[in-house]
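One point on numbering: in the working numbering, the residue at position 60 of the sequence shown is 144, and numbering is uninterrupted.
A quick write-up on the structure given underneath.
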Amino acid sequence: MSDVEDDFQQHSGGLDEEHEEEEEEEVEHPPKKDRRRYDDDEEDEDEEDEEDDEDEDEGVDRGRKRAKHRHRRNAVNRFLDVEAEVDEDEEEEEEEDEEFGRGFIDEVGGDADGEEDVVARRDHARLDRRQRELNDQDLAKIAADFSERARRTSVRYSGDMNEIPQRLLMPSVHDANLWQVRVKPGKERDLVFSLMRKAIDLEFSNRPLQILSAFQRDSLPGMIYVEARSAKQVNEACTGLVGIYPSRGIILVPIEEMASLLQIKKQDLTVTPGTWVRIRRGKYQGDLAQVMDITENGEEVGLKFIPRIDLNPRDDASADGKKRKKAGSTQASFSMRPPQRFFNFEEVVKVYGRKAVSKRNQQFVFQNDTYKNGFIEKDFRLTALQLDNVNPTLDEITQFTRGKDGTENEANVDLSIIAEASRKAAISVLQPGDHVEVFEGEQSGVHGTVHSIEQDVVTIQPVGVEFDGQRVQIPARSVRKRFKPGDHVKVMTGQNADETGLVVSVMESVVTFLSDMSMQEVSVFSKDLREAAEVGTGTNIVGNYELHDLVQLDLQTCGVIFKTERDSFRVLDQNGQVRLVQPHQISMRRDSSRAIATDSEGHELRIGDNVKEVDGESRKGRVLHTHQSFFAFLHNRDYPDNGGVFVTRARSLVSLAPKGNVMKLGSADLSKMDPSRSGGAGGGMVGSGMMGRGPRDRLIGMNVVVIKGPTKGYLGTIKDTNGPVARVELLTGNKVITIDKLKLHHKK
85 MSDVEDDFQQ HSGGLDEEHE EEEEEEVEHP PKKDRRRYDD DEEDEDEEDE EDDEDEDEGV
145 DRGRKRAKHR HRRNAVNRFL DVEAEVDEDE EEEEEEDEEF GRGFIDEVGG DADGEEDVVA
205 RRDHARLDRR QRELNDQDLA KIAADFSERA RRTSVRYSGD MNEIPQRLLM PSVHDANLWQ
265 VRVKPGKERD LVFSLMRKAI DLEFSNRPLQ ILSAFQRDSL PGMIYVEARS AKQVNEACTG
325 LVGIYPSRGI ILVPIEEMAS LLQIKKQDLT VTPGTWVRIR RGKYQGDLAQ VMDITENGEE
385 VGLKFIPRID LNPRDDASAD GKKRKKAGST QASFSMRPPQ RFFNFEEVVK VYGRKAVSKR
445 NQQFVFQNDT YKNGFIEKDF RLTALQLDNV NPTLDEITQF TRGKDGTENE ANVDLSIIAE
505 ASRKAAISVL QPGDHVEVFE GEQSGVHGTV HSIEQDVVTI QPVGVEFDGQ RVQIPARSVR
565 KRFKPGDHVK VMTGQNADET GLVVSVMESV VTFLSDMSMQ EVSVFSKDLR EAAEVGTGTN
625 IVGNYELHDL VQLDLQTCGV IFKTERDSFR VLDQNGQVRL VQPHQISMRR DSSRAIATDS
685 EGHELRIGDN VKEVDGESRK GRVLHTHQSF FAFLHNRDYP DNGGVFVTRA RSLVSLAPKG
745 NVMKLGSADL SKMDPSRSGG AGGGMVGSGM MGRGPRDRLI GMNVVVIKGP TKGYLGTIKD
805 TNGPVARVEL LTGNKVITID KLKLHHKK
């Protein structure tokens, strides 16, 4: 207990001493003046400087002593519970001392300016102390606010972490550069994988590759892109790889183009069973097909489409089923594309033999392809198909809806898909002023003219008393162009573009009109038509050529014009292919009026004879032309394909009403076949600038030998002549050359 009292007395004594020191501090101004009275020998300026320095020092000491005083007071409170009493008494004493000191200073009559300075410094010190306390509180509060804000932010955006602003993803000058490197075309993907394998192999070696990434674009053949800091790093990575050509230059890709190289075009194309597609390449290029099923990986689909089986092969089949190719038919077999026709078991067996076709339930297997209900069913990769802008035509849809027996069968195809595609296309072709009708919805049956179109909404001006000039807004998918029998229309797009005619019937979205050019009925979708005030001025003559002319396209190709357009022709050649030909692409027009060919029974075939196929589809037709005594071009209005024109072998025909003599091998008059011997005029040829139907050149068919030029000494036969030149088929190599007649000599 005595130790505690000693400590308290010592502490109290310290408090008294401190209190006395504070009283001395509060009356510090008068003692300074007294010192100045006894120190008269010092200069006034030095005294003033010393006074200012002491004032500052004492102000600092006073603050320290007060802090020490509080600390000691807190130390006493640890032993005695007198905190409130001591604080109140000492605060009252300090206030009384301050008031007493102020009164004393006033009575002494101290310097007023010095007093104001002391008060101002004391107030400033108190204000600074309070500001520090507030700052301490503000810092704690700010820290708490930041913590709370961070906690709320983390909760709010926890589900949106995958959404990053696009500007943060764009490359900058601080990122690695992108370099373009030339490579061998077709090997881009393989070389990118080679770079990847090389980077993996050297990853933990002494000299790893410094490139960051590499990629290629299918749309940019012959080049790959490598991401690295410098071209030297790219060159080191490409060294040793076959197919990469860094010597052609490593080109820096600009920063603004880097993002576009990695941009992927979004394809909103979904392939489902029943979807219409087109085949990109091969024998069936451009043909319409329907999706039947899809594999699990989604990379392949099963298609159903109309096959192209060659029922007139260029090679003969022997009795044992082996094929023997004819001489000179190899090149033609690659260029020939058979027409579309449904699979017919009897026809295929008749041409290829019974062993070539196997039957499994309701399916047939022929040449490793499966056929069912006349269609071919085959698997294709999606990359080999055209998925967008398919736009099936009415003729193609009709072929799918009809079975192989020709009867209508809508179960073969989902017409709703066609209707939806047709509606989308019809929206894009609508224009203000078109006469339309509403075919579904509450306003079904209303018709009028289009006033305006805004996105998918069409505003029409209805026709009728009950509307009284009101305008009606209808969804664009619910309207279609309206035509009535007797309207004169013009085809805007499609196979019959620019053709005009009179409407004869309308069945929902299909309009049938009588063509002004061919005088045949043509059926098209209403979306592809518009009203035409002008009467069709098209004719069957373009330049020096007209419909159904036999024309020479090149040295080995000949064909018949089956359709004339504004400035071009549609030509069916001897291989069964359809070509779009300009007038300047035609070498000459052939005159086949005196050409000779024989049918399967040995009768002569003449232009205008009615014949029938003895094999194949057993088609009937009228002979338009014969070519090389082997091909026969026929015409039948009942066949819609190629304007009713088709080509077949002359030996596969039989005359329905024979007019010519029977020509057997033993009694055939060969002088008719070789006009050079008899001087007669056979199937001739005229130039593109001549319309003449006169006799042909007697040199045609003559055996000659070349006496000048690089082919000197070659034997051949003159096939055609055109002025001073002749086309000669050489016996060596079966090659046809064009040569001056003066360089030829008759070979007897």
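Ideal Cβ placement from N, Cα and C applies to all residues, glycine included.
No experiment lies behind these values; they were computed from the predicted model shown.
Per DSSP, F714 lies in no alpha helix (DSSP H) and is assigned neither H nor E.
Considering only D518, G529, F523, G525, the residue with the shortest C-alpha distance to H535 is D518. Taken through DSSP and simplified to helix, strand or coil, A315 comes out as helix.
Across the structure, R421 and G529 are spaced so that their CA atoms are roughly 47 Å apart. Beta-carbon to beta-carbon, K282 and L275 are separated by about 10 Å, too far to satisfy the 8 Å threshold.
M280: member of the alpha helix (DSSP H) spanning 272-285, first to last residue.
When the alpha-carbon of P269 is set against those of V257, K803, S303, R425, the nearest one is in S303.
Burial is judged here by how many other beta carbons sit within 10 angstroms of a residue's own beta carbon; D453 has fewer than 16 and is exposed.
For the pair R364 and V590, the Cα-to-Cα distance works out to about 34 Å.
Here I460 is not near P546, since their CB atoms are 8 Å or more apart. The beta carbons of G705 and N720 sit closer together than 8 Å.
In its chain, beyond the 5 residues on either side, V789, L815 have a beta carbon closer than 6 Å to the beta carbon of L799. Minimum Cα-Cα distance from F567 among the listed residues V542, V267, V595 corresponds to V595.
With respect to the 8 Å criterion, R266 and E383 are not classified as neighbours on the basis of their beta carbons. Under the DSSP assignment, S344 falls in the alpha helix (DSSP H) whose first and last residues are 339-345.
Boundaries of the alpha helix (DSSP H) harbouring V433: 429-436, taken from the DSSP string. Just measuring C-alpha positions, the residue of T801, P794, K792, G793 sitting nearest G785 is T801. Within the stretch 354-380, the complete beta strand (DSSP E) segments of 3 residues or longer fall at 360-363, 372-378, listed in chain order. Taking C-alpha positions only, E521 is separated from I558 by approximately 10 Å.
I393 sits close to F427, with the two beta carbons spaced by under 8 Å. Counting C-beta atoms within 10 angstroms of its own C-beta, T682 has 16 or more neighbours from the protein chains shown and is therefore classed as buried.
Remark: C-beta atoms of H709 and L634 approach each other more closely than 8 Å.
For the options V318, S314, N261, R332, the alpha carbon positioned closest to that of E341 is the one of N261.
Residue pairing for Y329: DSSP places it in a beta bridge opposite R266. Rounded to whole angstroms, the Cβ separation of V542 and L514 is 6 Å, and the two are in contact under 8 Å.
DSSP places A810 in the strand class (E or B) of the three-state scheme.
Taking each of H531, I537, E526 in turn and checking the Cα distance to P516, the smallest one comes out for I537. Under the criterion of beta carbons closer than 8 Å, V695 and S739 qualify as touching, at roughly 5 Å. Here G797 is exposed, its C-beta having fewer than 16 other C-beta atoms within 10 Å. Looking from the CA of F653, the closest CA among V587, E605, N726 belongs to N726. With a cutoff of 8 Å on beta-carbon distance, V573 and E615 are scored as near each other.
Residue nearest to P724 within the set R674, F450, K647 is K647 (criterion: CA-CA distance). Separation of L279 and P305 (C-alpha to C-alpha, rounded to the nearest whole angstrom) is 17 Å.
The beta carbon of G532 sits closer than 6 Å to the beta carbons of I544, Q545, P546, V547 from its chain, once the five residues preceding and following it are set aside; these are given in chain order. Counting along the chain, D824 sits inside the beta strand (DSSP E) bounded by residues 820-824. Burial state of K565 is buried, judged by a 10 Å Cβ sphere holding 16 or more other Cβ atoms.
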